[in-house]
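In the working numbering, the protein residues as written are 1475 to 1704.
Ideal Cβ placement from N, Cα and C applies to all residues, glycine included.
Values in this document were obtained by computation on a predicted structure and should not be read as measured data.
Some notes on the structure that comes next.
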Amino acid sequence: MSEKQKSATTKKTMKTTAEEAGIRQKPEPNTEAPTARAKETAEPAPVMHGGIPAGPLRPLSPPRAPAKAENFQQGDYVVYPTHGVGKVERIAVEEIAGHTLELIHITFDENRMTLRVPTAKARTAGLRKLTSRKQFDDVLNVLKGRARIKRTMWSRRAQEYEAKINSGDPSAIAEVVRDLHRNAGQPDQSFSERQIYESALDRLAAEYAALEQIDKPAAIEKLLGHLKSE
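Structural data, given as structure tokens:
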């Protein structure tokens, strides 16, 4: 038997002996490329918020505080946080899935939509009546203030702006309008900035128009006048 064959036979015998004795062999380092399973456990891909690329969701602000308890009547103009200004069409007791509920029917003419909100859930849903004229004066003062732009990534700021718009708080919405407004001589807005700006301005103008009993275009002109009056 050659020396090479003797060496191979010796190694095989040693390996067999080690296995019989229960000795664990040290695994060889894994030099293979990452598998598909490893890729699946990697960081999730960015998600979309209102058509805007963004990173993983994180809490942007404390949960929306419930609106104060109010008695709604047919014909009242109200604000629902995520839909804006609507009108109470009627309040009726209806039976749904075996439960009897008093529902507030709210119509949103622009969206041609009717929303039914249980009276018992109206406060926690954030449903409220229009802001008073005195309170809206404070909103107009927010518009006159200096824009405050955070030095953070746009995707993060976009999420914060949308959270403010959907909060239903007119002062928070006015902050979005103020911060994203561009006067002559200032850099133009990006497409996504323009979208959020117009959404906030439209939401704010809808409540202002209902409060002043004017149409929305006239309300927008008045709001823009406050933005330019500084």
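8 Å CB neighbourhood of residue i in its chain, flanking five on each side removed
| i | result |
| --- | --- |
| Gln1663 | Leu1654, Arg1656, Tyr1671 |
| Val1567 | Thr1574, Leu1575, Glu1576, Leu1577 |
| Gln1548 | Val1562, Glu1563, Arg1564, Ile1565 |
| Asn1640 | Pro1555, Thr1556 |
| Met1587 | His1557, Thr1581 |
Integer-rounded CB distance, given that residue j should sit under 8 Å from residue i
| i | j | result |
| --- | --- | --- |
| His1700 | Leu1589 | With a Cβ gap of about 30 Å, His1700 and Leu1589 do not count as contacting. |
| Val1581 | Gly1560 | At residue 1581 the sequence reads Thr, which differs from the Val that was named. Indeed, because the Cβ distance is near 6 Å, the residues count as touching under 8 Å. |
| Val1553 | Val1562 | Incorrect: roughly 11 Å between the Cβ atoms, too far for contact. |
Proximity below 8 Å, CB of residue i to CB of residue j
| i | j | result |
| --- | --- | --- |
| Ala1674 | Ile1694 | no |
| Ala1680 | Lys1690 | yes |
| Asp1550 | Lys1603 | yes |
| Thr1605 | Leu1678 | no |
| Phe1546 | Ala1594 | no |
| Gly1642 | Gly1600 | yes |
Same chain, Cβ closer than 6 Å to residue i, five either side skipped, listed in chain order
| i | result |
| --- | --- |
| Leu1531 | Confidence at Leu1531 is low in this model, with a pLDDT of 43, below 50, so the placement of that residue should be treated as unreliable; the coordinate-derived value is given next. The answer is none, since no qualifying residue turns up. |
| Ala1621 | Arg1652, Asp1653 |
| Ala1692 | none |
Chain-order list of residues whose beta-carbon lies under 7 Å from that of residue i (same chain, five-residue window excluded)
| i | result |
| --- | --- |
| Gly1619 | Arg1652 |
| Gln1687 | none |
Pick from the options that is closest to residue i, judged by C-alpha positions
| i | options | result |
| --- | --- | --- |
| Asn1615 | Arg1586, Ser1645, Thr1626 | Ser1645 |
| Trp1628 | Asp1611, Glu1667, Asn1585 | Glu1667 |
| Ile1623 | Ala1683, Asp1612, His1579, Val1650 | Val1650 |
| Phe1665 | Ala1632, Asn1585, Pro1555, Arg1625 | Ala1632 |
| Val1613 | Pro1661, Tyr1682, Ala1692 | Tyr1682 |
| Ile1570 | Pro1592, Asp1583, Phe1610 | Pro1592 |
| Thr1556 | Asp1676, Thr1626, Arg1625 | Asp1676 |
Uninterrupted alpha helix (DSSP H) stretches inside the stretch 1569 to 1621 (no shorter than 4 residues): 1607 to 1618
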